[in-house]
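Trainee: Numbering (the working numbering), first residue to last: 15 to 192.
First the structure, then my questions, so here it is.
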């Protein structure tokens with residue numbers, strides 16, 4: 015701020031002094047309004063934060079209880095009772111091609127890998143009952159459906175597989191008798 019001085023006395027003139035006082039009052043009034051604005055804004059944010067914290071949390075809990083809770087006819091009940099995921103199971107089997115020689119003559123078995131035999135697994139919950147204590151009782155039904163397109167063989171292929179536990183027991187009994 016520029017001040018006007020009398021050349022003779024080197025003091026501020028009366029008009030410049032009045033202007034300075036007026037400007038100080040205007041500046042301090044602006045500062046007071048700005049301070050109150052900041053305080054009001056901060057309190058508004060605080061109140062908004064408290065309302066959002068409690069109100070939003072209650073709202074989210076209500077939405078979750080309504081949509082996610084497992085109730086007959088609820089939104090997630092269909093996915094739970096019959097899941098849309100269908101796991102694919104691939105099975106490889108070792109076929110003994112010289113089964114007669116292996117069993118009668120004691121030759122080493124010749125194994126041939128067959129497969130994959132592909133099955134699609136589906137789950138379904140049946141006999142669903144809601145209990146008075148808020149739990150649900152049900153039975154799990156699993157089905158395995160053969161997928162011929164993805165399989166390397168047919169479901170009715172004849173396969174000779176050694177019974178390893180029986181062969182081990184037979185071998186042990188032969189050695190124990192000696």
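No residue lacks a Cβ here, since even glycine has one placed at the ideal position from N, Cα and C.
Would you call the CB atoms of residue 176 and residue 77 closer than 7 Å?
Mentor: For the purposes of this step, residue 176 is taken as the residue at position 162 of the chain shown. For the purposes of this step, residue 77 is taken as the residue at position 63 of the chain shown. Not a contact, by the Cβ cut-off of 7 Å.
Trainee: Based on DSSP bridge pairs, tell me the residues matched to residue 128.
Mentor: Counted from its first residue, the chain shown places residue 128 at position 114. Note: residue 128 sits in a beta bridge opposite 107.
Trainee: So the candidates are 80, 151, 131 and 89; which of them puts its Cα closest to the Cα of residue 161?
Mentor: On the chain shown, residue 161 is found 147 positions in, with the first residue counted as 1. Checked all of 80, 151, 131 and 89; the closest Cα to residue 161 is 131.
Trainee: For a test of the three-state rule: what should DSSP assign to residue 49, helix, strand or coil?
Mentor: In the chain shown, counting from the first residue as 1, residue 49 sits at position 35. The answer is helix: DSSP assigns residue 49 an H, G or I state.
Trainee: Can you give me the start and stop residues for the alpha helix (DSSP H) that residue 75 sits inside?
Mentor: Position 61 of the chain shown holds residue 75. 71-81 is the extent of the alpha helix (DSSP H) around residue 75.
Trainee: Would the C-beta of residue 69 count as close to the ligand ATP, meaning under 6 Å from any of its heavy atoms?
Mentor: By its list of ligands, the structure shown contains no ligand whatsoever, and the ligand ATP lies outside what it can speak to.
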